[in-house]
Amino acid sequence: MAQQVNGVIAPGKNEPVRVETIIVPDPGPGEAVVQIQACGVCHTDLHYKQGGINDDFPFLLGHEAAGVVESVGAGVTDVAPGDFVVLNWRAVCGTCRACERGRPWYCFATHNARQKMTLTDGTELSAALGIGAFAEKTLVAAGQCTKVDPSVAPAVAGLLGCGVMAGIGAAINTGQVGRGDSVAVIGCGGVGDAAIVGSRLAGAARIIAVDIDDRKLETARTMGATHTVNSRTTDPVEAIRELTGGFGADVVIEAVGRPETYQQAFYARDLAGTVVLVGVPTPEMTLELPLLDVFGRGGALKSSWYGDCLPSRDFPMLIDLHQQGRIDLAAFVTETIGLGDVEKAFARMHEGDVLRSVVVF
Numbered sequence: 001m002a003q004q005v006n007g008v009i010a011p012g013k014n015e016p017v018r019v020e021t022i023i024v025p026d027p028g029p030g031e032a033v034v035q036i037q038a039c040g041v042c043h044t045d046l047h048y049k050q051g052g053i054n055d056d057f058p059f060l061l062g063h064e065a066a067g068v069v070e071s072v073g074a075g076v077t078d079v080a081p082g083d084f085v086v087l088n089w090r091a092v093c094g095t096c097r098a099c100e101r102g103r104p105w106y107c108f109a110t111h112n113a114r115q116k117m118t119l120t121d122g123t124e125l126s127a128a129l130g131i132g133a134f135a136e137k138t139l140v141a142a143g144q145c146t147k148v149d150p151s152v153a154p155a156v157a158g159l160l161g162c163g164v165m166a167g168i169g170a171a172i173n174t175g176q177v178g179r180g181d182s183v184a185v186i187g188c189g190g191v192g193d194a195a196i197v198g199s200r201l202a203g204a205a206r207i208i209a210v211d212i213d214d215r216k217l218e219t220a221r222t223m224g225a226t227h228t229v230n231s232r233t234t235d236p237v238e239a240i241r242e243l244t245g246g247f248g249a250d251v252v253i254e255a256v257g258r259p260e261t262y263q264q265a266f267y268a269r270d271l272a273g274t275v276v277l278v279g280v281p282t283p284e285m286t287l288e289l290p291l292l293d294v295f296g297r298g299g300a301l302k303s304s305w306y307g308d309c310l311p312s313r314d315f316p317m318l319i320d321l322h323q324q325g326r327i328d329l330a331a332f333v334t335e336t337i338g339l340g341d342v343e344k345a346f347a348r349m350h351e352g353d354v355l356r357s358v359v360v361f
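In terms of the UniProt record's numbering, the sequence shown has 343 at position 343, counting the first letter as 1, and numbering is strictly consecutive.
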């Protein structure tokens, strides 16, 4: 039967979030109920609160989560009650034209739970990225559950559900950073730092971190940046060129999502280099570039959705690398908080002194 749990909702545009009682239905065919153990506070959740995604309020926030499968619906075979899972918002269908061409990370028909979670008065909730994990339990499509090693801390594992995977994947999967490459990362929040980690893992020889905050730049060095540039005081394009023999970086990863920083990324890459946009823009933003420059510089301009990841492949691999000590996912956890502290965590994002606040249940 349906369960009542506590969850954090965004009731309206720019209104403070609040803890409410949420009704979680029993899982239907192809669905699973997951008991959440930890969920990171991601900037995308703030976008939902601010109305930057859409206006389907109220939202049940939270999506960067790990937990234990409590129950599954009919036809579910890939996960079972008791499995420790990381939730993902790209549950591939297996039958669309991208999946049939062997490119499931581009799946054009990803799916979520068909049933809606509600408030006690019956108001339907829009689950953030189809997950809604700032709650003691949530209902998702079973394909959104990826089994990983249960010995890893939930607060660490859950980060793969969004920001860390997006950044690492932007470097490895989308940017295809290779051994000896030069990489510049513009924007050193959680996603940007993860791109630095991914670039180091791929064997980049020079990793240039760019930000306007010296505290973030210092953190970027601990993540593997070899050079840092404060773009508040220094022209980042000129600085990146100077650090790469006058040519520009082989791969430039834009982790801010603004037209100004995208233009910097475009002109800071080497001829025939690659720009990867992984920062999330807002709907009103537009970009203007001279078409002749787009043509004349060659190379590739790519967007990276979720780091072009395949959760079933990438989540277990990255957990294994963490367990082996080859990457330090725990370094992204700045603080652990309670369910009632999400609004304060949003405020800390603006202060710039946090990579991830993680709600622990």
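Every residue gets a Cβ at the ideal spot worked out from N, C-alpha and C, and that includes glycine.
Just so you know, these numbers come straight off a predicted model, no measurement behind them.
Applying the criterion that 16 or more other CB atoms from any shown protein chain within 10 Å of the CB defines a buried residue, is residue i buried or exposed?
i	result
threonine 174	buried
valine 197	buried
residue 413	With the chain covering 1 to 361 only, the question about residue 413 has no answer from this structure.
proline 27	buried
glutamine 264	buried
glutamate 242	exposed
leucine 60	buried
threonine 286	exposed
glutamine 37	buried
arginine 206	buried
lysine 216	buried
glycine 203	exposed
methionine 117	buried
threonine 21	exposed
alanine 155	buried
arginine 326	exposed
threonine 274	buried
Classify residue i as helix, strand or coil using the three-state DSSP reduction.
i	result
phenylalanine 57	coil
asparagine 6	strand
lysine 116	coil
glutamate 70	strand
serine 231	coil
arginine 206	strand
isoleucine 131	coil
valine 41	coil
alanine 225	coil
valine 359	strand
glutamate 124	strand
threonine 219	helix
threonine 95	coil
Considering only residues of the same chain and omitting the five flanking positions on each side of residue i, which have a CB-CB separation below 8 Å?
i	result
alanine 220	Val185, Cys188, Gly192, Asp193, Ile196, Ala209, Asp211 and Thr228
isoleucine 240	Ala184, Ile208, Val210, Val229, Gly248, Ala249, Val252 and Ala268
glycine 224	Ile196, Val197, Ser199, Arg200 and Ile207
glycine 180	Gly203, Ala204 and Ala205
What does the alpha-carbon distance come out to for the pair residue i and residue j?
i	j	result
valine 93	threonine 110	Correcting the residue identity first, residue 93 is cysteine in this sequence and not valine. Each residue's alpha carbon lies about 6 Å from the other.
glutamine 324	methionine 317	11 Å
isoleucine 23	valine 33	12 Å
valine 72	alanine 141	9 Å
serine 312	methionine 165	12 Å
cysteine 96	lysine 302	22 Å
glycine 161	tryptophan 89	8 Å
glutamate 260	leucine 289	11 Å
cysteine 99	cysteine 309	13 Å
valine 41	histidine 350	13 Å
glycine 340	leucine 292	52 Å
valine 256	methionine 1	43 Å
arginine 258	threonine 282	8 Å
valine 19	leucine 119	11 Å
lysine 13	isoleucine 53	11 Å
alanine 272	valine 294	10 Å
Excluding five sequence neighbours on each side, which residues of the same chain lie with their C-beta closer than 7 Å to the C-beta of residue i?
i	result
glutamate 70	Val33, Val34, Gln35, Pro81 and Lys137
valine 79	Ala32, Val69, Val72, Val85, Ala142, Cys145 and Lys147
tyrosine 48	Ala10, Phe59, Leu61 and Ala128
glutamate 124	Lys116 and Thr118
aspartate 214	Asn230
residue 363	One cannot answer for residue 363 here, as it falls past the ends of the chain, which runs 1 to 361.
So, at 6 Å on beta carbons, what are the nonlocal neighbours of residue i in its own chain, with the 5 sequence-adjacent residues on each side left out?
i	result
threonine 244	Ser182
valine 276	Ala170, Thr174, Gly175, Ile253, Lys302 and Ser304
valine 152	Ile319
glycine 75	Pro29 and Gly30
residue 363	With the chain running from 1 to 361 in the structure shown, residue 363 is simply not present.
proline 236	Val210, Val229 and Gln264
On the DSSP bridge list, what partners appear for residue i?
i	result
isoleucine 327	Isoleucine 327 is not bridged to any residue.
isoleucine 186	Val210 and Glu254
glutamate 20	Gly7
phenylalanine 247	DSSP lists no partner for phenylalanine 247.
threonine 146	Val86
glutamate 31	Ala141
alanine 65	Cys39
serine 312	For serine 312, which the question treats as bridged, DSSP gives no partner whatsoever.
leucine 301	Val275
residue 381	Missing from the structure shown is residue 381; the chain here goes from 1 to 361 and no further.
threonine 336	Val358
arginine 269	Ala249
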